[in-house]
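Undergrad: One structure, as structure tokens, below. Some questions next.
In our numbering, the protein residues as written are 40 to 492.
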């Protein structure tokens with residue numbers, strides 16, 4: 040099996056081997072190359088000690104030298120070069136108590152998490168596959184290297200990584216690996232929120248986000264998002280639904296795929312919002328005399344729960360702000376006419392309103408077939424109105440008004456609360472009728488509405 044190495048990677052390996060050391064591309068880059076995917080990063084493992092690597096290359100950075108890792112820089116790109124190593128005991132379930140540099144490649148590969156990530160390659164020796172990684176790629180299997188319990192006991196985050204890789208690749212998790220994950224799931228309590236967040240996000244934007252349901256059934260999600268467990272146990276006896284709350288959210292996530300119009304970050308926001316948008320239903324659920332379930336006010340409660348989860352998992356402020364807003368407004372239904380759309384855009388912000396179409400369409404795809412086409416048709420009409428409003432450049436915010444604070448000063452209005460109130464009242468007029476957004480027309484509105492004494 041031949042893998043085409045990037046020129047810089049080949050150069051690093053050649054420099055090391057020419058100096059008498061072993062060196063290989065290793066891990067995910069080898070896996071992705073075999074699968075025909077473009078690797079995000081190229082990592083190199085070597086028998087050379089860190090000081091040897093630093094001696095052989097002109098520009099290096101000590102990114103993790105205590106663990107044997109030196110980053111070799113070519114122009115603006117860095118490549119992690121790590122000495123073969125054997126990890127000591129993981130008494131905290133997160134970090135090895137000690138790291139011992141190993142003398143051969145096999146010992147280094149043996150410490151890695153899954154067989155598909157425990158392969159190495161160089162142009163001289165070809166593919167080194169000691170633990171059956173190729174066979175598991177062909178069989179579409181996620182299997183721990185050696186004893187799964189040992190791998191998960193070393194680092195419990197590998198439990199989430201197993202499901203994340205399965206979700207990204209569309210693979211099944213090996214039986215023994217799954218059993219070990221269930222048995223040791225409680226060890227996730229030892230893993231930092233930041234590391235949990237990274238794996239959850241990668242799973243959420245994967246090809247198969249519904250594997251979060253498998254994690255729930257394996258008793259894993261309760262250790263990092265118990266609110267989701269509650270959703271998976273909250274039924275929806277209502278003609279508009281065919282799933283429980285959690286399964287509905289997973290189906291909505293699965294149904295929404297990335298489009299060219301969205302950035303990667305926007306896609307992440309939408310998938311996360313779909314995961315979280317109905318978590319408040321568990322608290323808001325009521326059942327009427329006919330046995331029909333209702334969830335009045337769930338959007339506000341869902342937004343509060345979403346904020347709590349996103350803060351707990353250390354998401355950045357922009358993600359917290361955007362996702363929470365999408366959750367809060369996910370059930371809003373503006374009339375498909377221009378003034379209603381402009382008011383909605385003003386209320387939530389133009390960017391949130393744009394992303395909301397994606398959330399609402401996916402939400403409907405996760406519901407029952409009842410009136411689905413009618414709901415989608417209405418959403419399509421609303422989107423056409425939105426496109427017309429954007430194309431026309433209709434004013435949406437106070438900043439879009441033709442009259443400014445300085446104009447009000449000339450009319451004798453001092454900066455302060457009154458000025459802000461006048462501008463807000465003028466905006467209400469303009470949102471209803473954009474044609475009045477001229478200085479002259481707005482000055483007449485000020486007189487007409489007696490906004491200045």
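Think of the CB as a built atom: it goes at the ideal place given N, C-alpha and C, for glycine as much as any other residue.
Since residue 292 is in the alpha helix (DSSP H), which residue starts that stretch and which ends it?
TA: Here the alpha helix (DSSP H) through residue 292 covers 284-294.
Undergrad: Please go through the same chain and pick out, in chain order, the residues whose beta-carbon is closer than 7 Å to the beta-carbon of residue 250, but skip the five residues on each side of it.
TA: So the qualifying residues of the chain are 202, 205, 206, 242.
Undergrad: Using three-state DSSP, classify residue 178 as helix, strand or coil.
TA: If DSSP states are grouped into helix, strand and coil, residue 178 belongs with the helices.
Undergrad: Indicate whether the contact test is met: 3 or more Cβ pairs, each with one atom in the segment 344-357 and one in the segment 323-333, closer than 8 Å.
TA: Too few Cβ pairs lie closer than 8 Å, so no.
Undergrad: Look at the alpha carbon of residue 353 and the alpha carbon of residue 260, and state the distance between them as a whole number of angstroms.
TA: Taking the straight line from one Cα to the other gives about 17 Å.
Undergrad: Could you confirm whether any beta carbon from chain D is found closer than 7 Å to the beta carbon of residue 66?
TA: Chain labels in this structure do not include chain D; a single protein chain is all it has.
Undergrad: Are there any heavy atoms of the ligand ZN lying less than 6 Å away from the beta-carbon of residue 157, as far as the coordinates show?
TA: Within the structure as shown, the ligand ZN is missing, as the structure has no ligands at all.
Undergrad: Within 10 Å of its beta-carbon, does residue 190 have 16 or more other beta-carbons around it, so buried, or fewer, so exposed?
TA: Its Cβ being crowded by 16 or more others within 10 Å, residue 190 is buried.
Undergrad: Rounded to whole angstroms, what is the Cα-Cα separation between residue 179 and residue 343?
TA: If I take the Cα positions, the gap works out to 39 Å.
Undergrad: Report the residue from 301, 293, 324, 66 whose alpha carbon sits nearest the alpha carbon of residue 313.
TA: If we check each option's Cα against that of residue 313, 293 comes out closest.
Undergrad: Residue 319 to residue 428, Cα distance in whole Å?
TA: Computed Cα separation, rounded: 33 Å.
Undergrad: Pair every Cβ in the segment 259-276 with every Cβ in the segment 371-387, then say whether three or more of these pairs are closer than 8 Å.
TA: They do not touch, by the three-pair rule.
Undergrad: Using three-state DSSP, classify residue 316 as helix, strand or coil.
TA: The answer is coil: DSSP assigns residue 316 none of H, G, I, E or B.
Undergrad: Hey, out of 188, 355, 419, whose CA is closest to residue 372's CA?
TA: The candidate whose alpha carbon is nearest that of residue 372 is 419.
Undergrad: Starting from residue 469, follow the alpha helix (DSSP H) in both directions and report where the run begins and ends.
TA: From DSSP, the alpha helix (DSSP H) with residue 469 extends over 456-471.
Undergrad: For the segment 217-226 against the segment 273-282, do three or more pairs of beta-carbon atoms, one drawn from each stretch, fall closer than 8 Å, so that the two count as touching?
TA: With a cut-off of 8 Å, the segment 273-282 and the segment 217-226 do not count as touching, because too few Cβ pairs lie within range.
Undergrad: My output table needs one value for residue 166: the three-state DSSP class, helix, strand or coil.
TA: Three-state result, residue 166: strand.
Undergrad: Which full runs of the alpha helix (DSSP H) of 4+ residues lie inside the segment 78-140, going along the chain?
TA: Runs found: 89-95.
Undergrad: Drop a sphere of 10 angstroms on the beta-carbon of residue 403, count the other beta-carbons inside from all chains shown, and report buried for 16 or more, exposed for fewer.
TA: Buried, because 16 or more other Cβ atoms sit within 10 Å of the Cβ of residue 403.
Undergrad: Taking its Cβ as the centre, do 16 or more other Cβ atoms sit within 10 Å of residue 275, making it buried, or is it exposed?
TA: So residue 275 counts as buried.
Undergrad: Are three or more beta carbon pairs between the segment 150-158 and the segment 41-58 nearer than 8 Å?
TA: No: the two stretches stay apart, fewer than three of their Cβ pairs being nearer than 8 Å.
Undergrad: Whole angstroms are fine: how far does the CA of residue 194 sit from the CA of residue 91?
TA: Cα to Cα, residue 91 sits roughly 29 Å from residue 194.
Undergrad: Mapping DSSP to helix, strand and coil, what is residue 369?
TA: Here residue 369 sits in coil by DSSP.
Undergrad: With DSSP run on the structure shown, which of helix, strand or coil describes residue 355?
TA: Note: residue 355 maps to coil in three-state DSSP.
Undergrad: In the DSSP output, what is residue 159 paired with across the bridge?
TA: In DSSP, residue 159 forms a bridge with 65, 167.
Undergrad: Classify residue 474: buried if its beta carbon has 16 or more other beta carbons within 10 angstroms, exposed otherwise.
TA: So residue 474 counts as exposed.
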